[in-house]
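Chain order of the listed sequences is H and G.
For the first sequence, the working numbering gives the first residue as 1, with consecutive numbering after it.
For the second sequence, the working numbering gives the first residue as 381, with consecutive numbering after it.
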Amino acid sequence: MLNKARGLMAWLLGCALLMGSPATLAEYGKRWAFNMTSGVTPSSREIYSLHMQMFWWCVAVSVIVFGIMFVSMYLHRKSRGVKPANFHESTVLEVFWTAIPLIILTAMCVPATKSLIALYDTSEAKLDVVITGYQWRWKYDYLNEDLSFFSNLSTPREQIEGLAPKGPHYLLEVDEPLVVPINTKVRFLITAADVIHAWWVPALGIKKDAIPGFINESWAVIEEPGIYRGQCAELCGRDHGFMPIVVEAKTQEDYQAWLTEKQAAAEALAALTEKTFTFDELYERGQQVYGQWCVACHQAGGEGMPGIFPALKGGMSVGPIADHIDIVVNGSRGTAMQAFGSQLSEVDLAAVVTYERNAWGNNMGDMAQPIDIYNHKQGN
Amino acid sequence: MAHGPAKGFSRWLFTTNHKDIGSMYLWFSFAMFIIGGMFALVVRAELFEPGMQIVDPNFFNQMTTLHGLIMVFGAVMPAFVGLANWMIPMMIGAPDMALPRMNNWSFWILPFAFFMLLSTLFMEGGGPNFGWTFYAPLSTTYAPPSVTFFIFSIHIMGVSSIMGAINIIATVLNMRAPGMTLMKMPMFVWTWLITAYLLILVMPVLAGVVTMMLMDIHFGTSFFDAAGGGDPVLFQHVFWFFGHPEVYIMILPAFGIVSAIIPTFARKPLFGYASMVYATAAIGLLSFIVWAHHMFTVGMPVAGELFFMYATMLIAVPTGVKVFNWVATMFKGAMTFETPMLFSIAFVILFTIGGMSGLMLAIAPADFQYHDTYFVVAHFHYVLVPGAIFSITAGVYYWLPKWTGHMYNEVLGKTHFWLAFVGLNVTFFPMHFSGLAGMPRRIPDYHMMFADWNMISSVGALLFGGAQILFLYIVIATVVRGKKATMEVWENPEGLEWTVPSPAPYHTFITPPDVK
């Protein structure tokens, strides 16, 4: 009964939301959307046009074939007293309905081949971005700009679990979007660090697998400023459905301003390595880091998932601190535990180790400082 | 002269009779169909509305994986082998299968394979959660420990399939009654002969790929691990070299079934028999050179993409020939619409729709948008559910009176058809839309813009599942009682199976029939 009421509330809320702000869903799609987007790049428009051409060919053939079928189902039924004919062979007909599809298919091959060759031409790009898939987040490296960052799902857990109303970009929002300039040929170099992922943004007309050990290429020239959303498209484990992609296309000036700001912020973060933090500062920061990076596998209470993801309540967290730092920094080969040393800053690593050693009744009382992490990475 | 069956459980355990083994295959596949269907309902229940309500994402992945594995290897393939066991000897005038003891063995290892596969659900870390296509390294380095049991169960299923296929080839090539030349064989026998060759050629490839996984997991090799010099894309090439012929393994015998049913109820011979045989062979051959169309987004060179795109589009030609021939068979016939005919007509229409979306998927640039979305889910369910499941259902209604000696209840049969037909379309048609609108497959939660289509799909799935319970009732009721069936059952059906009494005696064609 309560559930029913909640369902009804959610439904009404959804309707209200939809009427109140028709634009909120428009940038990615809308309710009852039933067709492919034509997108905002020359490639995506090309793909859309191929899709529609092929669709109409299919409709035309279906109308003829099903038409003949339905007519004969109506006319040639025993209840109308017809006598069955006895013909069962015609070479002319067989040749005819072998040739016609061949002609249609050849007609479709020509534009498809042209588009494919154009889609594969990644030459003369103005900006290169390396995209790396991780379980379950994306990393963006701006080549030649000395800038790299991770992009995580930012939808709160309460919304996923139905404890809070869902926002307009539910599951399609991230903390740090990929920002690119408009009217510029951007080349994406796509790879992965663990399992296979796929980077897919419908409005850009790009879907490319991110494969460990391979670097795939794709490109886009985005023509309109805006926010374009997509998702991982290759099953990559438990949180496959929770690693969205957000691309923000800005004008050249806005892009430059953003770049400068990001580079300054990265420097400020690096400077924190030398600072000494109090226990409370580390614990608090560690809680946030844990919630964003570790919780998917090791769970909110540190209990893990038996047989796949080890518990951090007890276990390794109450062992020697050097081992703890090592596994967080270097990962555990042959398991799903990644090497976070290259993914998180020294501050965040120190904070999360401190948090894990003191949360959920672990109460080790010790802590790691950023400089300890730095020293560990240097091999001291 | 004819010996009756043994009594009690040993009849089923030790039987070498093709009819008994056929029945066991069919009951086993129905049980798997129900289990796989329940897994699908768990998936549809979680996807009923946005948000995580019922299961954990990891368990959701186990459900999608096992739904696929059980339906492919447990429901569809054994059902076709069951029909082959029952019908092929009777259709070619043979007393039994060529290798009856192996026949018993190839059935009886199956329950153990599936018991092992399903038991992984209760193991620490859970069952397989990497999709039925089990792409490495998600299925190797990152897999739950139970993956070893999964690999072993795949091995057993493969052995069973290969033995079944050898048996069918040996039977068809050696046991035909005098006068039953190859080009006089019913289409069902032809399609199964070609299917059996596909099975023998690709099941070892599947065994090879899972063995490579086993080596990577336990013996330190790096076939699919890039960090050790291996290649994750190699897995996909080998898997789909098996996987693509596999999908034709699940559809060619279906072509044979509807090619038997449509002429009977159109009261007109099958149009273009010879071209049907050649088209089936052409589809079988082409199935070996199109595998990488499942991999358009892995980053193949443009020449590779073009080759696989052209080859895939070519498959539309022989498939089109088959559809046109069925339509030409109906044209100017005198049709009636009993349950098997309804399922067969639905097969032709819905399979064609699935074929059309397949053609769209073949266009490599467009596939960049379709790939791994619900559009693909809609496509392969349109070819597999109305393709394999509807044809099997049609075959069961068509031959049930021959097997049991009783007519099924026509009103209930038609009710089953309409419930299944409506359920299927309500479930799978909206998936075209959610996929084109941008919903990836294999996700447990989604944005609100996909909510409406998903809710409709979930309602349809419940309807489709419910319809199968009615099917179970109809079959049991027919086995137990019902109007006596005549020898011919239908009006002038073609084929040797209609020249023996209903129910078919335990041993048929002890002396070979005369084939004109």
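Here a beta-carbon is modelled for each residue, glycine too, at the ideal position from N, C-alpha and C.
Remember, predicted model here, so these are calculated numbers, not experimental data.
Check: Inter-residue Cα distance where the pair is Met243(H) and Phe487(G); Outcome: 43 Å
Check: Lys166(H) (DSSP reduced to helix, strand or coil); Outcome: coil
Check: Lys78(H) versus Val895(G), Glu871(G) and Trp878(G), residue with shortest Cα-Cα distance; Outcome: Glu871(G)
Check: Spatial distance of Val247(H) from His447(G) (CA atoms); Outcome: 35 Å
Check: Cα-Cα separation, Met593(G) to Asp476(G); Outcome: 39 Å
Check: Euclidean distance between Cα positions of Lys166(H) and Gln159(H); Outcome: 5 Å
Check: DSSP three-state assignment for Val82(H), whether helix, strand or coil; Outcome: coil
Check: Within chain H, the residues that Thr716(G) reaches when beta carbons sit closer than 9 Å; Outcome: Arg77, Lys78 and Ser79
Check: Any C-beta of chain H under 7 Å from that of His751(G); Outcome: yes
Check: Contiguous alpha helix (DSSP H) assignments of at least 4 residues, all confined to the region 784 to 855 of chain G; Outcome: 790 to 816
Check: Length at least 3, wholly inside the region 34 to 69 of chain H: the beta strand (DSSP E) runs in chain order; Outcome: none
Check: 8 Å contact criterion, which Pro458(G) and Leu490(G) should meet: CB distance rounded; Outcome: 6 Å
Check: Cβ neighbours of Gly846(G) in the same chain (closer than 8 Å, five flanking residues each side left out); Outcome: Leu799 and Gly803
Check: Within-7 Å CB hit, Asn35(H) to chain G; Outcome: yes
Check: Chain G contacts made by the region 88 to 101 of chain H, where a contact means CB separation under 8 Å; Outcome: His88, Glu89, Ser90, Leu93, Glu94, Trp97, Thr98 and Pro101
Check: First and last residue of the uninterrupted beta strand (DSSP E) at Gln231(H); Outcome: Gly226 to Cys232
Check: Residue from Gly538(G), Thr444(G) and Phe727(G) whose Cα sits closest to the Cα of Leu764(G); Outcome: Phe727(G)
Check: Neighbour flag for Ile597(G) against chain H, beta carbons, 7 Å; Outcome: no
Check: Where Ser499(G) meets chain H, residues with beta-carbon distance less than 7 Å; Outcome: The premise fails here: Ser499(G) is roughly 14 Å from chain H at the closest Cβ pair, so nothing lies under 7 Å.
Check: Cα-Cα separation, Met316(H) to His535(G); Outcome: 38 Å
Check: Through-space distance from Leu722(G) to Phe340(H), alpha-carbon basis; Outcome: 59 Å
Check: Simplified DSSP state of Arg647(G), which is helix, strand or coil; Outcome: coil
Check: Whole-angstrom distance between Ala817(G) and Ala99(H), CA atom to CA atom; Outcome: 34 Å
Check: Own chain, CB closer than 6 Å to Ala464(G), minus 5 neighbours either side, in chain order; Outcome: Ile548 and Trp572
Check: Endpoints, alpha helix (DSSP H) assigned at Thr191(H); Outcome: Note, Thr191(H): premise wrong, no alpha helix (DSSP H); beta strand (DSSP E) at Lys185 to Ala192.
Check: Every unbroken alpha helix (DSSP H) inside the region 259 to 309 of chain H [4 residues or more]; Outcome: 279 to 289 and 295 to 298
Check: Alpha helix (DSSP H) runs contained entirely in the region 416 to 469 of chain G, provided each spans 4 or more residues; Outcome: 437 to 449
Check: Counted within 10 angstroms of its Cβ, other Cβ atoms place Ala264(H) as buried (16 or more) or exposed; Outcome: exposed
Check: Contact set between the region 426 to 443 of chain G and chain H, restricted to residues whose Cβ is under 9 Å from the partner; Outcome: Glu429, Pro430, Gly431, Met432, Gln433, Asp436, Pro437, Asn438, Phe440 and Asn441
Check: In DSSP terms, what Gly133(H) is bridged to; Outcome: Trp138(H) and Ala192(H)
Check: Proximity test, Cβ basis, 7 Å: Ala640(G) and chain H; Outcome: no
Check: Which listed residue (Val776(G), Trp878(G) and Phe889(G)) has its alpha carbon closest to that of Tyr405(G); Outcome: Val776(G)
Check: Contacts of Arg424(G) in chain H (Cβ-Cβ under 8 Å); Outcome: Correct list: empty, because the minimum Cβ distance to chain H is about 15 Å.
Check: Boundaries (first-last residue) of the beta strand (DSSP E) holding Ser425(H); Outcome: The first residue shown for chain H is 1 and the last is 380, placing residue 425(H) beyond what the model contains.
Check: Same chain only: Cβ atoms within 6 Å of Gly304(H), ignoring 5 sequence neighbours per side; Outcome: His298, Pro310 and Ala311
Check: Opening and closing residue of the alpha helix (DSSP H) in which Trp488(G) lies; Outcome: Pro480 to Trp488
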